[in-house]
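Chains as they are written, first to last, in our numbering: chain D, 6 to 442; chain R, 18 to 333. Using N, Cα and C, we set each Cβ at its ideal position, and we do this for glycine too. Only one structure is covered here, and it is reproduced in the block below.
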């Protein structure tokens with residue numbers, strides 16, 4: 006299949022046509038033509054390298070009522086993603102080679118995005134003993150990122166061993182930084198508002214203390230550390246300090262922590278209940294600045310679909326989490342691009358190149374060059390839309406953005422040369438699967 | 018008034034109006050037949066996801082004195098204890114035809130969620146939600162203070178200048194929260210006393226003063242001392258080391274009782290832990306208005322039921 010994209014603006018600001026053949030970028034430059042090609046008029050559109058999510062909950066196997074690899078892949082493609090890293094908290098947990106291979110192969114079969122499984126650090130996410138990290142690393146899924154996300158590897162000795170052991174296989178631990186004792190029963194950011202609302206507080210220190218411990222452990226054993234979903238200004242300061250000391254740590258922030266703050270909890274609407282919790286507006290501003298400055302390396306969605314009944318209830322009974330794949334780019338644009346803090350080139354870095362590098366996913370280091378795998382998305386940054394259910398393509402409807410006007414729209418997404426989204430619409434599953442095959 | 022979810026939704030005139038209406042309701046109790054036909058044909062559902070005998074009985078008595086029909090669902094031995102959700106339980110009883118739901122729930126904000134959900138059309142009265150609020154308790158406490166201070170001349174009055182000291186587990190207390198906001202609205206000043214572990218983070222932004230020394234607080238001769246119930250499981254969670262230490266530091270014991278100014282009234286929302294936060298002598302003393310609080314609770318709940326159920330959307 007051949008694609009001809011005309012008049013796209015690249016992340017560096019230049020305009021070009023692109024020809025895609027056999028899954029790679031075959032030609033670049035003005036005035037290109039290609040016989041029999043599918044033509045995409047990209048005049049006025051911004052081209053970005055295929056987005057790479059380092060933090061996705063696909064829920065399969067085990068929680069297929071919430072999401073499947075297929076539905077999550079479709080949500081990802083609709084949001085401009087061409088690769089997602091699937092978190093390990095499935096049932097069974099992704100703590101063996103068998104489970105990670107199954108998840109990876111389901112992703113391959115559906116073809117919307119490259120699905121990279123994340124392996125559990127500990128057996129059953131129980132935080133007691135290491136899972137079969139070597140077997141998962143050496144499996145067909147070639148796992149490189151290990152995380153107990155949803156739970157913190159809180160035992161200091163186990164965390165130390167995990168950091169050391171994954172070095173053997175060139176992997177990285179992605180830590181969900183949440184001191185469990187400080188957050189027992191916690192419902193929202195601890196502060197004046199949680200006290201007023203009578204919701205158990207989730208102190209910033211519960212996150213910051215774990216990050217501080219872990220960067221020191223990473224330094225001590227000379228390992229890589231990735232910190233999931235930073236949510237506080239204090240966490241930014243710890244990461245800043247660690248990087249200044251040369252500690253090899255990377256940090257991520259979610260789109261929602263860049264846009265939303267704790268005041269949204271005031272109506273007890275559980276769509277705003279998330280782990281880590283929405284924080285103060287000062288934290289939101291600190292996270293934006295840290296992303297612009299490079300203290301925070303990447304944006305990752307923490308896409309967390311849940312069935313409706315787990316959100317249609319009182320706040321403290323509701324599940325934690327929001328879906329985020331479909332809205333991520335719009336939210337990033339609203340939070341940091343339209344304000345001028347990040348350029349589209351920066352967006353390409355924090356949502357594609359760097360997350361791919363952390364996940365050791367090949368093919369994203371030199372996008373828009375001849376011979377590079379054709380993973381990209383075309384967006385219309387000038388579009389504005391009221392975010393609605395029709396924008397959601399996974400099984401989860403637990404988005405905090407319903408009814409909110411957001412900028413930007415994904416017009417087309419191409420994964421390994423195959424269009425997964427055209428004219429703003431997802432391509433049918435059979436078409437995508439067949440073309441990839 | 019469509020719902021009563023939080024005392025923060027009440028402005029000063031509305032709050033005084035509720036207290037005045039409760040005075041009228043209290044007069045009913047002195048009649049030969051202590052009953053009004055006002056809510057005949059209306060149905061009130063008491064939906065108690067959390068056990069609370071005194072609040073449930075108080076609402077039942079209030080509804081019956083207004084001639085309403087009452088359905089009660091409480092946690093023990095009901096679908097609620099079988100894990101049925103708030104939505105399903107509310108919709109189930111709503112399908113039987115009800116006009117108001119009195120909701121007690123362990124989750125903060127549950128009444129707000131039910132009122133905002135459009136799952137049911139009925140009026141929602143918050144009868145205690147987690148550690149958030151207990152609006153009718155706040156109202157009955159304000160009523161009791163006003164009645165004790167002004168007797169038969171209470172009607173129309175606010176609580177301007179009244180000084181209230183609330184002692185104990187502020188952090189976990191919905192009663193304290195409803196009192197803080199309502200007393201501020203009514204012009205009283207509030208002083209909170211307890212161990213630092215049981216004073217909520219951010220309490221400095223509340224319209225109160227705060228301290229940790231009960232003796233110093235009592236030396237200021239407050240008009241009201243309100244003792245809060247302390248749950249012994251707080252000890253296990255390291256909020257304080259031992260019941261004896263708690264009683265010594267923050268209990269209204271006999272010695273402290275003896276030092277109270279003549280005009281100081283003693284309040285407690287119940288149920289009391291005698292010997293822990295309050296001594297028997299304090300609870301049973303002439304300055305204790307604990308039983309008045311219970312009696313006044315029925316009048317306040319009659320007033321609230323009347324306001325949410327009389328006419329369509331009438332009142333505040």
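From the DSSP output, which residues share a beta bridge with residue i?
i: residue 51 (chain D); result: D:14 and D:384
i: residue 122 (chain R); result: R:146
i: residue 424 (chain D); result: D:419
i: residue 26 (chain D); result: D:7 and D:29
i: residue 411 (chain D); result: D:390
i: residue 63 (chain R); result: R:89 and R:119
i: residue 230 (chain D); result: D:178 and D:254
i: residue 305 (chain R); result: R:283
i: residue 127 (chain D); result: D:135
i: residue 129 (chain R); result: According to DSSP, which records beta bridges pairwise, residue 129 (chain R) is partnered with nothing at all.
Between residue i and the rest of its own chain, which residues show a CB-CB distance below 6 Å, the 5 nearest in sequence each way excluded?
i: residue 192 (chain R); result: 151, 154 and 286
i: residue 77 (chain D); result: 63 and 399
i: residue 326 (chain R); result: 56, 59, 116 and 117
i: residue 425 (chain D); result: 82, 117, 418, 432 and 437
i: residue 56 (chain D); result: 85, 86, 356 and 357
i: residue 275 (chain D); result: 316, 320 and 323
i: residue 373 (chain D); result: 15
i: residue 190 (chain R); result: 245
i: residue 206 (chain D); result: 195 and 199
i: residue 58 (chain D); result: 86, 89, 305 and 306
i: residue 96 (chain D); result: 67
For residue i, collect the residues of the same chain with a Cβ closer than 8 Å to its Cβ; drop the 5 residues on either side in sequence, then sort them by chain order.
i: residue 175 (chain D); result: 142, 149 and 365
i: residue 135 (chain D); result: 126, 127, 128, 163, 166, 167 and 170
i: residue 410 (chain D); result: 389, 390, 391 and 392
i: residue 414 (chain D); result: 335, 384, 385, 388, 390 and 429
Taking Cβ positions, are residue i and residue j nearer each other than 8 Å?
i: residue 129 (chain R); j: residue 21 (chain R); result: no
i: residue 212 (chain R); j: residue 229 (chain R); result: yes
i: residue 92 (chain R); j: residue 67 (chain R); result: yes
i: residue 202 (chain D); j: residue 125 (chain R); result: yes
i: residue 123 (chain D); j: residue 375 (chain D); result: no
i: residue 197 (chain D); j: residue 237 (chain D); result: no
i: residue 292 (chain D); j: residue 301 (chain D); result: yes
i: residue 119 (chain R); j: residue 61 (chain R); result: yes
i: residue 181 (chain D); j: residue 233 (chain D); result: yes
i: residue 65 (chain R); j: residue 90 (chain R); result: yes
i: residue 127 (chain R); j: residue 103 (chain R); result: yes
i: residue 297 (chain D); j: residue 259 (chain D); result: no
i: residue 39 (chain R); j: residue 317 (chain R); result: yes
i: residue 313 (chain D); j: residue 367 (chain D); result: no
i: residue 121 (chain D); j: residue 80 (chain D); result: no
i: residue 93 (chain D); j: residue 152 (chain D); result: yes
For the candidate residues the options, whose alpha-carbon lies nearest to that of residue i?
i: residue 87 (chain D); options: D:412, D:358, D:403 and D:170; result: D:358
i: residue 295 (chain R); options: R:184, R:73 and R:52; result: R:184
i: residue 47 (chain R); options: R:322, R:312 and R:318; result: R:312
i: residue 264 (chain R); options: R:90, R:186, R:219 and R:241; result: R:186
i: residue 256 (chain R); options: R:238, R:198, R:29 and R:216; result: R:216
i: residue 420 (chain D); options: D:103, D:152, D:53 and D:352; result: D:53
i: residue 380 (chain D); options: D:27, D:12, D:17 and D:206; result: D:27
i: residue 347 (chain D); options: D:309, D:295 and D:396; result: D:295
i: residue 190 (chain D); options: R:33, R:147 and R:73; result: R:147
i: residue 360 (chain D); options: D:231, D:195 and D:19; result: D:231
i: residue 269 (chain D); options: D:283, D:95 and D:253; result: D:283
i: residue 75 (chain R); options: R:132, R:37 and R:121; result: R:121
For residue i, which residues from the same chain have a beta carbon less than 7 Å from its beta carbon, with the 5 sequence-adjacent residues on both sides left out?
i: residue 279 (chain R); result: none
i: residue 105 (chain R); result: none
i: residue 25 (chain D); result: 7, 8, 31, 379, 419 and 422
i: residue 17 (chain D); result: 350
i: residue 290 (chain R); result: 246 and 247
Where in the stretch 232-259 of chain D do unbroken runs of the alpha helix (DSSP H), each at least 4 residues long, occur, reported from the N-terminal end onward? Within the stretch 232-259 of chain D, the complete alpha helix (DSSP H) runs of at least 4 residues are 238-249.
- Item | Any beta strand (DSSP E) of 3 or more consecutive residues that is wholly inside the stretch 166-231 of chain R | Segments of the beta strand (DSSP E) lying fully in the stretch 166-231 of chain R: 180-184, 206-210 and 226-228.
Residue ranges of each alpha helix (DSSP H) within the stretch 303-367 of chain D, 4 or longer: Along the stretch 303-367 of chain D, the alpha helix (DSSP H) occurs as fully enclosed runs of 4 or more residues at 333-337, 349-353 and 359-363, listed in sequence order.
Extract the residue ranges of the beta strand (DSSP E) inside the stretch 30-118 of chain D, only unbroken runs of 3 or more that lie entirely within it.
Complete beta strand (DSSP E) runs here, min 3: 43-46, 51-54, 56-61 and 86-91.
message = I'd like the ranges of any alpha helix (DSSP H) spanning at least 4 consecutive residues and lying wholly in the stretch 233-280 of chain R.
response = Fully enclosed alpha helix (DSSP H) runs of 4 or longer: 250-253, 260-267 and 271-276.
Which runs of the alpha helix (DSSP H) at least 4 residues long sit entirely within the stretch 25-61 of chain R? Give them in chain order. Counting whole runs of 4 or more residues, the stretch 25-61 of chain R contains the alpha helix (DSSP H) stretches 29-46.
Taking only runs that begin and end inside the stretch 254-298 of chain D, name each unbroken alpha helix (DSSP H) of 4 or more residues, in chain order. Qualifying alpha helix (DSSP H) stretches, in chain order: 260-264 and 286-298.
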